[in-house]
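Notes follow once the structure below has been shown.
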Amino acid sequence: MELYITGIEHPQRVPASGEESLLNQLALAGFGQMVYAPCGGNGTCKQCTVTVSGRLASLSGEERDFHREEVLACRWRPAGDVTVYLDPATGQDRNIAVHSRDIPGGGTGLGLAVDIGTTTVAAYLYDLASGRCLHTAAGMNAQRVFGGDVISRIQYCEQPGGLEQLCAMIRDQIRELAASMCPDLTQIRSLSIAGNTVMEHIFAGLSPVSIGVAPFTPLSLFGDSRPASQFYDCFHPEAELYLSPCVAGYVGGDITAGLLSSGASESDRTVLFLDIGTNGEMGIGDKNGFLTCATAAGPAFEGAEIACGSSAQDGAINHVEPDLSYTTIGELPPETICGSGIIDGVAALLYNEIVDETGRMEGERHTIGGEVYLCAADIRKIQLAKAAIRAGIETLLELSGKTYDDIDQLLIAGGFGAYVDITSACAIGLLPPALKDKTRHVGNSSGMGAAMALDPGCRAQLAKVDESCTYVELSGSKVFNDKYIEAMMFDEWEDVLDG
Ligand code: FES
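Going by the numbering used here, the sequence shown opens with residue 229, and the numbers climb by one from there.
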């Protein structure tokens with residue numbers, strides 16, 4: 229039996245197994261990036277569709293022939309030769325914007341900085357002599373096929389061979405991104421990597437499993453340089469590789485790098501720094517140090533587990549106005565709704581009093597455009613996700629003895645901040661309305677921090693940032709639990725949308 233994988237530039241034939249799902253076999257064949265699988269193959273997200281021809285068996289044993297039909301890749305396995313038609317556009321999420329800036333020069337050769345996000349991976353190639361960024365490259369994290377959030381990746385690492393597989397995937401992806409920017413990889417003499425603590429563990433080949441259970445202790449907090457030859461044999465033989473320092477199991481090297489590159493760690497003024505993904509990582513502080521915490525938002529803001537949700541792909545509703553008019557990516561007929569559209573959509577439903585302040589929806593679902601709707605269960609998921617983030621902010625504020633008046637700036641890091649409408653995020657109570665006019669996006673601050681750390685002097689600064697951070701564990705915190713219940717309400721939209 230074999231899989232014929234086509235629709236791509238170089239179609240391939242690979243041996244097929246009747247024991248494993250199509251999803252796993254595509255991932256093992258190196259096509260994990262081209263199937264969106266935020267639930268990691270659990271059958272709950274309904275996003276892992278691929279078009280197939282041939283004979284397949286469902287997980288429950290039903291066998292049938294398909295002729296260019298869509299199936300969920302995690303629910304079917306080959307029962308004969310199968311042709312899989314991949315869509316090259318999948319995996320090229322339009323929300324991946326890679327911005328770069330110059331770093332201190334004076335070095336030799338080329339440097340590679342990488343931000344390993346749970347969802348996306350961004351790489352930057354630098355000329356270390358001039359400090360100029362020569363090229364950038366990015367893609368969806370190849371590990372996404374094994375789940376959209378860090379918890380699913382941790383769970384996959386618990387399986388035999390799971391860690392080795394995820395580790396090889398991310399190392400290969402980084403090498404491929406580097407090769408797309410630099411044909412002679414031996415010119416690269418320095419590598420700097422930043423990611424959350426789980427991503428750095430998997431890259432380094434260390435098990436993240438202990439981060440998944442209380443007391444959530446990581447095996448390493450990194451912050452050190454090693455010979456790159458421990459990880460790769462393709463770069464300059466004397467190349468070194470630096471991993472950004474982590475504060476705790478859920479406040480990682482992406483945050484220390486972000487605090488440095490955004491200027492927050494040097495600021496005289498009080499900053500709230502927020503990185504929203506499947507986890508919300510955040511800190512309040514100034515040049516004297518940051519109080520940090522993390523809270524689990526889940527994948528709802530990325531469109532996963534929302535009935536018509538998707539990543540930011542063609543045909544996704546990406547913006548909804550209070551009058552319920554909308555736009556789609558690529559100006560195509562609406563097919564799905566992505567994170568920014570979902571937040572706008574909930575704000576618009578509040579504004580039109582289709583959803584009340586407790587989150588109760590009039591009717592079971594409300595159509596946004598075409599066949600795309602938000603339903604009562606979607607509103608509940610957004611309510612839980614936004615309450616987790618907001619309660620984290622409120623808890624840090626209380627523990628640091630500050631009020632919103634004391635916060636001079638809210639810095640939002642990462643792709644979420646770049647695309648989400650701040651007014652809508654305040655209207656649904658995800659962000660505090662009191663900080664609406666003090667909010668600024670800082671782009672991929674993790675990637676820029678990794679780039680800065682190509683310079684040894686900046687690594688010393690990054691170590692100081694790390695030392696100045698104090699971590700607060702929120703699980704089991706009474707303050708957090710009380711704030712979480714309060715933050716479930718949608719009772720701030722009138723101040724934002726009518727004001
Ligand atoms: S339903 Fe297949 S990966 Fe989620």
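Glycine included, each C-beta is placed from N, C-alpha and C at the ideal position.
(message) According to DSSP, is TYR579 part of a helix, a strand, or is it coil?
(response) Note: TYR579 maps to helix in three-state DSSP.
(message) Just to check my reading of the structure: THR520 and MET510 have Cβ atoms closer than 8 Å, yes? What is that Cβ distance to the nearest angstrom?
(response) 7 Å between Cβ atoms; contact.
(request) Report all residues from its chain with a CB closer than 7 Å to the CB of MET397; omit the five preceding and five following residues, and keep chain order. (result) Taken in chain order, the residues that qualify are GLY260, ALA370, GLN371.
(request) Kindly indicate which residue of ILE571, ASP482, THR445 has the alpha-carbon position closest to the one of ALA422. (result) Nearest option by C-alpha distance: ASP482.
(message) Quick check: the segment 627-638 against the segment 664-680, are at least 3 beta-carbon pairs closer than 8 Å?
(response) Three or more beta-carbon pairs drawn from the segment 664-680 and the segment 627-638 are found closer than 8 Å, and the two stretches are therefore classed as touching.
(message) Between which two residues does the beta strand (DSSP E) holding ASN546 run?
(response) Run containing ASN546: 544-548, per the beta strand (DSSP E) assignment.
(request) Would you check if the distance between the CB atom of ALA406 and the CB atom of SER674 is smaller than 7 Å? (result) It is not a contact, given that the beta carbons lie outside the stated cut-off.
(request) Could you give the DSSP three-state label for ARG618: helix, strand or coil? (result) Three-state result, ARG618: helix.
(request) Can you tell me which of LEU434, PRO455, THR348 puts its alpha carbon nearest to the alpha carbon of LEU449? (result) Distances from the alpha-carbon of LEU449 to those of LEU434, PRO455, THR348 put LEU434 closest.
(message) Among ASP309, LEU314, ALA244, ALA285, whose alpha-carbon lies nearest the alpha-carbon of CYS276?
(response) Looking at ASP309, LEU314, ALA244, ALA285, the one whose alpha-carbon comes closest to that of CYS276 is LEU314.
(message) Which same chain residues end up closer than 6 Å to ALA655 when comparing Cβ atoms and leaving out the 5 residues on each side of it in sequence?
(response) Cβ within range, chain order: ALA575, TRP721, VAL724, LEU725.
(message) Considering only their Cβ atoms, is the gap separating PHE501 from LEU340 smaller than 7 Å?
(response) No; because the gap between Cβ atoms is not below 7 Å, this pair is not in contact.
(message) With a threshold of 8 Å, are at least 3 pairs of Cβ atoms found where one atom belongs to the segment 691-702 and the other to the segment 589-605?
(response) No, the segment 691-702 is not in contact with the segment 589-605.
(message) Alpha carbons only, please: which of CYS536, VAL280, ALA244 is nearest the one belonging to GLY235?
(response) That would be VAL280, whose Cα lies nearest to the Cα of GLY235.
(message) Between which two residues does the beta strand (DSSP E) holding GLY513 run?
(response) It spans 507-514 - the beta strand (DSSP E) in which GLY513 sits, taken as one unbroken run.
(message) I'd like to confirm the pairing. Which residues does DSSP put opposite CYS521 in its beta bridges?
(response) DSSP, once it has assigned bridges, lists MET510 as partnering CYS521.
(message) the ligand FES and GLY642: does the residue's C-beta get closer than 6 Å to at least one heavy atom of that ligand?
(response) It does not: the Cβ of GLY642 is nowhere closer than 6 Å to a heavy atom of the ligand FES.
(message) Which residues neighbour the ligand FES when neighbourhood means a C-beta less than 7 Å away from any of its non-hydrogen atoms? List them by chain order.
(response) With 7 Å as the limit, the residues whose C-beta approaches any heavy atom of the ligand FES more closely are LEU251, ALA265, PRO266, CYS267, GLY268, GLY269, ASN270, GLY271, THR272, CYS273, LYS274, GLN275, CYS276, LEU300, ALA301, CYS302, ARG303, in sequence along the chain.
(request) Mind reading off the beta-carbon distance from ILE565 to GLY573? Whole number of angstroms is fine, and I expect it under 8 Å. (result) At roughly 6 Å, the Cβ-Cβ gap stays under 8 Å, so ILE565 and GLY573 are in contact.
(message) What would DSSP say about SER358, mapped onto helix, strand or coil?
(response) Of the three classes helix, strand and coil, the one that applies to SER358 here is coil, per DSSP.
(message) So the candidates are LYS692, ILE617, ALA285, GLU533; which of them puts its Cα closest to the Cα of ILE504?
(response) For ILE504, the closest C-alpha among the options LYS692, ILE617, ALA285, GLU533 is that of ILE617.
(message) Quick check: the Cα distance between ALA743 and ALA467, rounded to an integer number of angstroms?
(response) An answer regarding residue 743 cannot be provided, because it is not within the stretch 229 to 727 covered by the chain.
(message) Just to check my reading of the structure: VAL263 and VAL437 have Cβ atoms closer than 8 Å, yes? What is that Cβ distance to the nearest angstrom?
(response) Between VAL263 and VAL437 the beta-carbon gap is near 25 Å, outside 8 Å, which marks them as no contact.
(message) Considering only their Cβ atoms, is the gap separating ALA532 from TYR478 smaller than 7 Å?
(response) No.
(message) Taking a contact to mean a Cβ-Cβ separation below 7 Å, would you say PHE708 touches GLY587 in this structure?
(response) Against a cut-off of 7 Å, the Cβ pair of GLY587 and PHE708 comes out as no contact.
(request) May I ask you to verify whether the segment 669-688 touches the segment 329-348, counting CB pairs closer than 8 Å and requiring at least 3? (result) Verdict: yes, contact present.
(message) Using a 10 Å radius around the Cβ and a threshold of 16 neighbouring Cβ atoms, would you call PRO306 buried or exposed?
(response) Per the 10 Å Cβ criterion, buried.
(message) Let me check understanding here. Comparing Cα to Cα, which of SER489, GLU494, ALA604, SER538 lies closest to ALA681?
(response) Put simply, of SER489, GLU494, ALA604, SER538 the residue whose alpha carbon is nearest the alpha carbon of ALA681 is SER489.
(message) Suppose the cutoff is 6 Å on Cβ atoms and the five residues either side in sequence are ignored; what does the same chain contact list for ASP321 look like?
(response) In this prediction, ASP321 scores a pLDDT of 47, lower than 50, which makes its location untrustworthy; no coordinate-derived value is stated.
(request) With DSSP collapsed to three states, give me the class of TYR736. (result) Missing from the structure shown is residue 736; the chain here goes from 229 to 727 and no further.
(message) What residue range does the alpha helix (DSSP H) around THR586 cover?
(response) The continuous stretches of alpha helix (DSSP H) do not include THR586, and DSSP gives it neither H nor E.
(request) Can you tell me which of the three DSSP states SER380 falls into? (result) Looking at SER380 - three-state DSSP - the assignment turns out to be helix.
(request) Return the residue from the list GLN637, GLY567, GLU590 that minimises the CA-CA distance to LYS614. (result) LYS614 has its Cα closest to that of GLY567, out of GLN637, GLY567, GLU590.
(message) Taking a contact to mean a Cβ-Cβ separation below 7 Å, would you say ALA525 touches GLY508 in this structure?
(response) Taking 7 Å as the Cβ cut-off, ALA525 and GLY508 qualify as a contacting pair.
(message) Residues in the same chain with beta-carbon distance under 8 Å from CYS385, minus the five sequence neighbours each way, listed in chain order, please.
(response) LEU391, LEU394, ILE430, SER435, PRO436, VAL437.
(request) Take GLY729 as the anchor and find which of GLY451, GLU230, ASN252, ASN270 has the nearest alpha-carbon. (result) Beyond the ends of the chain as shown, which are 229 and 727, falls residue 729; an answer cannot be given.
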